[in-house]
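In my numbering, the protein residues as written are 36 to 197. Where is the CB? At the ideal position from N, CA and C, for every residue including glycine.
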């Protein structure tokens with residue numbers, strides 16, 4: 036890797052950096068498209084962290100039996116730094132509340148989905164396409180209630196998180 040850990044830190048940055056490194060290594064024989072979506076689950080509600088104006092989203096089953104989040108936005112990204120920039124922007128929209136243990140304790144679970152589509156042209160000029168999806172999940176802060184001194188709403192919220 037190219038020192039990406041020192042710049043961004045974390046498993047998400049390392050995984051995304053590896054995706055782009057593998058794409059570079061593949062050369063010109065294929066065309067790759069990388070898209071991402073980022074959502075949070077808070078108190079059993081789903082919100083799009085890249086398009087918060089879309090409100091609460093719902094799970095739906097498509098015609099193939101796959102469960103999807105209806106209305107979830109997807110954005111195209113060209114590099115690790117672009118993904119991380121979008122991720123940081125999404126993180127500013129996450130639900131957080133201070134506890135005595137952590138000033139910015141995340142109160143929601145967040146799911147980053149990175150989709151890679153690969154189109155390959157064969158000698159016969161027949162195109163083949165394959166798709167891979169990588170899901171990375173950042174779980175909500177789960178500090179013990181006895182350590183956080185949470186009461187009322189925060190205490191109930193913490194019970195739902197765990």
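Output the distance between the C-alpha atoms of residue i and residue j, rounded to the nearest integer angstrom.
i: residue 144; j: residue 81; result: 10 Å
i: residue 68; j: residue 56; result: 14 Å
i: residue 123; j: residue 86; result: 14 Å
i: residue 121; j: residue 129; result: 13 Å
Residue i by DSSP, collapsed to three states: which one?
i: residue 156; result: strand
i: residue 88; result: helix
i: residue 75; result: strand
i: residue 137; result: Per-residue confidence for residue 137 stands at a pLDDT of 45, beneath the threshold of 50, marking its modelled position as unreliable; no derived number is given.
i: residue 94; result: strand
Tell me, to the nearest whole angstrom, how far the beta carbon of residue i is from that of residue j; I am working on the premise that it is less than 8 Å.
i: residue 71; j: residue 146; result: No, residue 71 and residue 146 are not in contact; Cβ-Cβ is about 11 Å, not under 8 Å.
i: residue 48; j: residue 127; result: Rounded, the Cβ-Cβ distance is 17 Å, inconsistent with contact.
i: residue 118; j: residue 51; result: 5 Å
i: residue 75; j: residue 84; result: 6 Å
i: residue 142; j: residue 77; result: 6 Å
Between which two residues does the alpha helix (DSSP H) carrying residue i extend?
i: residue 117; result: 115–126
i: residue 56; result: 46–61
Which stretch, first to last residue, makes up the beta strand (DSSP E) that contains residue i?
i: residue 82; result: 80–83
i: residue 109; result: Counting along the chain, residue 109 falls outside any beta strand (DSSP E), and DSSP gives it neither H nor E.
On the DSSP bridge list, what partners appear for residue i?
i: residue 148; result: 72 and 170
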